[in-house]
Amino acid sequence: MRRRTLGNTGIELPELVLGTWGLSGDGYGQVDEADQEQVITRALGLGIDAFDTADAYAKGKMEERLGRLLAEREGAVVITKIGTDRAATPPIKRFDAEYLREAALASKARLGRRIDVLLLHNPSTLALDKPHVAQTMKDLCEEGVARAWGVSIGDAAIGTRAMEQGAQVLELAYNAFHPQDLAGVVTLAKEKQVGLIGRSALAHGLLCGQWPSTKQFPQGDHRRDRWTLDDFKKRISQLSALRPSVRGDVTSLRAAALRFALSEPALSAVVIGPRSAVQLDQLLREAGKEPPYLEEDARTALKHRLVNVGILP
Ligand SMILES: NC(=O)c1ccc[n+]([C@@H]2O[C@H](COP(=O)([O-])OP(=O)(O)OC[C@H]3O[C@@H](n4cnc5c(N)ncnc54)[C@H](OP(=O)(O)O)[C@@H]3O)[C@@H](O)[C@H]2O)c1
């Protein structure tokens, strides 16, 4: 597994990081514990020794699981996120200093190790504007609770604010249908040497191109409410822009989507979200082993087609 440097943090990440939201059962529906563990241990065996998680995933159980499975793995990297108080009903966002400190220490205890990258989990710009937020994260790094801090962002404006407050890392959605957040932060990130981590490379599975436009998602699957019926149909039809990218060693839409993210040089890593060992193996097999994951001319042609279907301006 090739590695890239994460901004100025001194941390090196494998190009693919294992995300654990889908595995946790939150978001997409239940995954058996044995299957969760199989995916994590298989990822380690394949050279993926970095994991993206959050204290909120399975109410802390995913951090506990990672802590146990990584106990003997010197050098494994854990990225986790805080800022969702799931003790409250319904869960609320909390970014006050006392809560952040308590949450970070609880994550560290569950993981049984120093946190490598501690992220604020989807804060608003309003939350980031409170000076105690960045200060608390910096203090936690100085105290050795975490090596680096950053923000998992919902849009480029939040990313910009985070970098102005000193965030060392941004995690953001990045895929062929959602390139705008990266475009909005990349210049300042380069200037400040902020590490960028891409997630949702498959647009939650949409870019695999395996769904009919009538697809229905079960209760408990976040995709049930993510798209309106019309928007969903439009998105499925826009996959026509991605289809011509399937050629040569790019053997599927899934491969094209993953390689689109991997071929973005501004990203230090792409967080993948397989929910089974079979999905993990497919992704690894199809990702390709080295740059260019998607040839420059193929990338340029894809961008033109994304303009034609109305995704890019
Ligand atoms: N705010 C945040 O901080 C935030 C938000 C989102 C994600 N994340 C992180 O990023 C990770 C990935 O995010 P994501 O879930 O949005 O990723 P994604 O890769 O865009 O979507 C994951 C979904 O893609 C489908 N998939 C994966 N591998 C497949 C394969 N080989 N063949 C067919 N379908 C496949 C699965 O759908 P099915 O379930 O239908 O099989 C899976 O649930 C998460 O686990 C989490 O760690 C963080």
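Residues in the sequence shown are numbered consecutively from 50, following the working numbering. Glycine included, every Cβ here is placed at the ideal spot set by N, Cα and C.
Around the beta carbon of residue 141, a 10 Å sphere encloses fewer than 16 other beta carbons of the protein chains shown; the residue is thus reported as exposed. For residue 210, the enclosing alpha helix (DSSP H) has its first and last residue at 205–213. Non-local beta-carbon contacts of residue 71 in its own chain, meaning distances under 6 Å to residues more than five positions away in sequence, involve 77, 322, 324 in chain order. Annotation for residue 63: the continuous beta strand (DSSP E) segment containing it runs 61–63. In this model, residue 320 and residue 83 are separated by some 21 Å (Cα to Cα).
Contact fails between the stretch 332–343 and the stretch 202–210, because fewer than three Cβ pairs, one in each stretch, are under 8 Å apart. Taking 9 Å as the cut-off, the Cβ atoms of residue 289 and residue 358 count as close. By the Cβ test, the stretch 149–164 is in contact with the stretch 184–202, since at least three Cβ pairs between them sit closer than 8 Å. With distances taken between CA atoms, residue 210 lies nearest to 174 out of 123, 174, 269.
For residue 279, the enclosing alpha helix (DSSP H) covers residues 278–287. Contact between the stretch 92–103 and the stretch 123–136 is present: 3 or more CB-CB pairs across the two stretches fall below 8 Å. By the CB criterion at 9 Å, residue 249 and residue 222 fall inside the cutoff.
Residue 232 sits exposed, since fewer than 16 C-beta atoms from the chains shown fall within 10 Å of its C-beta.
No residue range can be given for residue 96, since it is assigned to no beta strand (DSSP E) and is classified by DSSP as neither H nor E. Straight-line spacing of the CA atoms in residue 283 and residue 156 works out to 40 Å. Here residue 308 is buried. Its C-beta has 16 or more other C-beta atoms within 10 Å.
Not one heavy atom of ligand 1 sits closer than 8 Å to the Cβ of residue 95. Nearest to residue 109 by alpha-carbon distance, out of 121, 135, 89, is 135. By the 16-neighbour rule on beta-carbons within 10 angstroms, residue 62 is buried. In the same chain as residue 95, and ignoring 5 residues on each side of it, the C-beta atoms closer than 6 Å to its own belong to 333, in chain order.
The Cβ atoms of residue 256 and residue 303 lie closer than 9 Å to each other.
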